[in-house]
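Residue numbers (this note's numbering), protein chains in the order written: chain A, 1 to 172; chain B, 173 to 518. Each remark here refers to the structure printed beneath this line.
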Amino acid sequence: MAVTVRAVSRPARGWLEQVYIIEVLRGLGVTFRHFFVNLWRHVLRLLGLRAGPGAVTIQYPDEPAVLGRRARTRHRLLSRADGSPRCTSCLLCETICPAKCIHIVAEESPDPAVEKRARSFDIDIGMCVFCGHCVEACPVDAIHMDVDQVELASYTRSGMIWDMKSLLQERR
Amino acid sequence: MIPLAWSAAMVGYALVFGLGLAGFLGWVERKQSAVLQDRIGANRADVFGWRIIGLFHPVADGIKLMTKEDFVPRHVLRPFHGLAPALSLGCCLACLAALPFGGEFQAFGRAWNLQPWPSPVGLVYILALLGLGVHGVIMAGYAANSNYGLLGGLRGAAQMVAYEVCMAAVLAGPMFLYGTLDLQEAVRAQGRLIAGILPAWGVFTQPLAFLLFLVAGMAASKRIPFDLPEGESEIVGYHVEYSGMKFGMFMMSDFIENIVVCGLGAALFLGGWQVPFVALTGPLGGAIMLASFFAKTCALLFLLMQVRWTLPRLRFDQLLDLGWKSLLPLSLANFLLTVWGCYLWR
């Protein structure tokens with residue numbers, strides 16, 4: 001296989017950039033502008049006046065975390081109109097899971113139209129890598145990762161295991 | 173008795189000036205960088221729910237450093253390991269004594285000098301002590317008895333020696349112009365007016381020297397574009413083996429060195445305690461002198477802090493190139509120009 005070499009020309013530096021002093025002043029101009037604009041906004045807000053935000057910081061535990069619209073967070077299981085879980089225990093999610101964190105025990109479904117259902121459906125969130133493969137693999141759209149819950153820590157390992165009952169709870 | 177008490181009071185003022193401002197600088201560094209980077213900065217330390225824009229953080233830092241375990245690894249070289257931070261901090265603190273915080277004022281039938289140690293060789297004293305401070309860095313690196321510490325110390329030595337030379341060469345120009353090594357006299361020499369409107373401050377009479385002095389001063393006090401003695405990615409620094417308050421002393425001496433450099437800059441280039449167009453007399457004049465010098469020092473500190481958070485750091489060869497190949501020739505040229513200028517003028 002031939003190696004493709006592409007020459008990338010660097011932007012040439014003129015004499016003025018070489019001297020560096022002017023570039024330093026330009027850089028200082030940027031930081032001074034940010035400093036004084038932000039300071040002015042902070043002062044205005046301190047005085048109770050309306051002003052733009054002086055900082056982009058989100059003070060996370062005090063203010064809620066801002067998650068992307070497509071963020072993959074904690075799983076939930078969806079249910080049918082009659083309230084029973086949609087999961088048919090096909091084990092596709094358990095099979096595709098790269099972290100091996102899904103554990104399903106199947107049983108026979110009383111509904112003659114459905115072959116199987118899950119007796120238990122456990123996800124070890126401590127093992128989960130939040131890849132979203134389970135959501136993609138599910139043929140009946142029974143599992144989603146859109147609860148927007150990221151505070152999942154627990155003091156025990158067993159506390160990290162979410163069972164079917166808690167996974168079926170609706171979006172908070 | 174009264175002169176002794178007055179002298180003690182002025183030394184106390186110098187110490188409070190240095191140490192207080194150094195503690196405050198810890199806060200300034202955090203908040204200024206935060207504001208210019210569109211962040212908020214440290215604001216969690218509180219006393220009974222009062223946060224006062226994070227002003228308790230230096231206090232919390234101090235308490236933390238004081239109460240932290242002072243861990244001394246078994247392999248360090250004993251007497252030097254403990255001596256290095258003391259030497260580093262001691263040299264910087266001693267520099268403060270020669271700064272002209274204010275001039276003389278008349279009250280109660282005698283003259284009161286606001287400089288803790290009036291000396292005809294104040295500038296040489298400060299330069300010598302700043303140079304001695306290098307020993308603290310080298311000693312710390314050597315006492316660490318590990319390659320990382322030693323490399324950091326060596327870098328510090330090469331850098332600080334290079335820039336102390338530059339600093340002395342830069343200051344030769346203004347010193348020749350003022351005709352004295354006494355900082356108090358140098359400040360008085362800047363009290364005149366040029367053409368009746370412009371104060372004869374060093375920044376106007378020696379603009380190139382002022383610029384070079386800022387660069388050399390920043391490098392001599394190891395501030396960020398020049399903080400090569402420490403570097404988390406390549407070497408760890410001369411203070412790898414230090415913890416607790418001994419590490420804190422290195423931090424403090426960095427800040428105090430910065431304050432000394434800014435104080436020196438204020439005295440030599442910004443007219444020291446002078447206020448343009450105002451003759452300062454009496455106790456009120458003395459207070460204004462102190463305030464004026466303090467304000468000028470703070471302004472320089474603010475500028476250096478801004479530079480510290482604006483520029484990326486240099487590579488070590490670039491740093492030495494800048495020092496030996498640009499700064500030193502330029503400062504010598506500035507000195508020659510000053511001498512010629514003075515000769516032609518008179």
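Glycine included, C-beta positions come from ideal geometry on N, C-alpha and C.
Boundaries (first-last residue) of the beta strand (DSSP E) holding residue i
i: A106(A); result: 102 to 108
Beta-bridge partners of residue i, as assigned by DSSP
i: E276(B); result: N285(B)
i: F121(A); result: I104(A)
i: I366(B); result: L370(B)
i: S79(A); result: P85(A)
i: W162(A); result: I123(A)
i: K116(A); result: E108(A)
For residue j and residue i, the rounded distance between their alpha carbons
i: M423(B); j: V135(A); result: 52 Å
i: G254(B); j: K418(B); result: 8 Å
i: V248(B); j: L323(B); result: 15 Å
i: M173(B); j: R282(B); result: 14 Å
i: Y185(B); j: R364(B); result: 28 Å
i: V3(A); j: P251(B); result: 60 Å
i: V37(A); j: W284(B); result: 43 Å
i: Q362(B); j: G443(B); result: 5 Å
i: L152(A); j: T88(A); result: 27 Å
i: L492(B); j: E402(B); result: 16 Å
i: W162(A); j: S79(A); result: 17 Å
i: Y410(B); j: A334(B); result: 18 Å
i: F130(A); j: G198(B); result: 40 Å
i: M160(A); j: D122(A); result: 10 Å
i: T377(B); j: F273(B); result: 22 Å
i: C90(A); j: A71(A); result: 26 Å
i: C128(A); j: N215(B); result: 34 Å
i: E107(A); j: A81(A); result: 21 Å
i: F507(B); j: K497(B); result: 16 Å
i: C97(A); j: H133(A); result: 7 Å
i: G458(B); j: W178(B); result: 14 Å
i: R172(A); j: A65(A); result: For R172(A), the predicted model reports a pLDDT of 49, less than 50, meaning its position is unreliable and no value from the coordinates is stated.
i: L500(B); j: A341(B); result: 7 Å
i: R6(A); j: S205(B); result: 40 Å
i: C138(A); j: D146(A); result: 15 Å
i: S84(A); j: R223(B); result: 52 Å
i: V150(A); j: A330(B); result: 50 Å
i: M311(B); j: A451(B); result: 47 Å
Host alpha helix (DSSP H) of residue i (start-end)
i: D360(B); result: Here the sequence assigns Arg to residue 360(B), which means Asp is not the residue at that position. Residues 355 to 361.
i: M145(A); result: No alpha helix (DSSP H) contains M145(A), which DSSP labels as neither H nor E.
i: F130(A); result: No alpha helix (DSSP H) contains F130(A), which DSSP labels as neither H nor E.
i: Q490(B); result: 488 to 493
i: M461(B); result: 454 to 480
i: V24(A); result: 21 to 46
i: I428(B); result: 416 to 441
i: A391(B); result: 379 to 392
Residue i CB to nearest heavy atom of the ligand SAH below 6 Å
i: A505(B); result: As presented, the structure is devoid of all ligands, the ligand SAH included, so that no description of it is given.
Whether residue i touches residue j by CB criterion (7 Å)
i: P455(B); j: A180(B); result: no
i: R117(A); j: V105(A); result: no
i: T482(B); j: T31(A); result: yes
i: L384(B); j: L502(B); result: yes
i: C263(B); j: G313(B); result: no
i: F382(B); j: A391(B); result: no
i: A55(A); j: D218(B); result: no
i: R41(A); j: G29(A); result: no
i: I212(B); j: T57(A); result: yes
i: L472(B); j: A438(B); result: yes
i: L77(A); j: D148(A); result: no
i: S294(B); j: E336(B); result: The sequence as given places Gly at residue 294(B); Ser does not occur at that position. Result no, Cβ atoms of G294(B) and E336(B) do not sit closer than 7 Å.
i: H75(A); j: L168(A); result: no
i: T352(B); j: A344(B); result: no
i: P288(B); j: V183(B); result: yes
i: K468(B); j: D426(B); result: no
i: E413(B); j: A316(B); result: yes
i: L271(B); j: G495(B); result: no
i: V207(B); j: F35(A); result: yes
i: I396(B); j: A194(B); result: no
i: S415(B); j: F228(B); result: no
i: P371(B); j: P448(B); result: yes
CB contact below 7 Å: residue i versus chain D
i: V207(B); result: The structure shown contains no chain D; the protein chains it does contain are A and B.
- Starting from the N-terminal side, write out each stretch of the alpha helix (DSSP H) that is 4 residues or longer and does not extend beyond the region 193 to 265 of chain B. 229 to 239
Return the chain-ordered ranges of every beta strand (DSSP E) run that is complete within the region 282 to 357 of chain B and spans a minimum of 3 residues. 282 to 285
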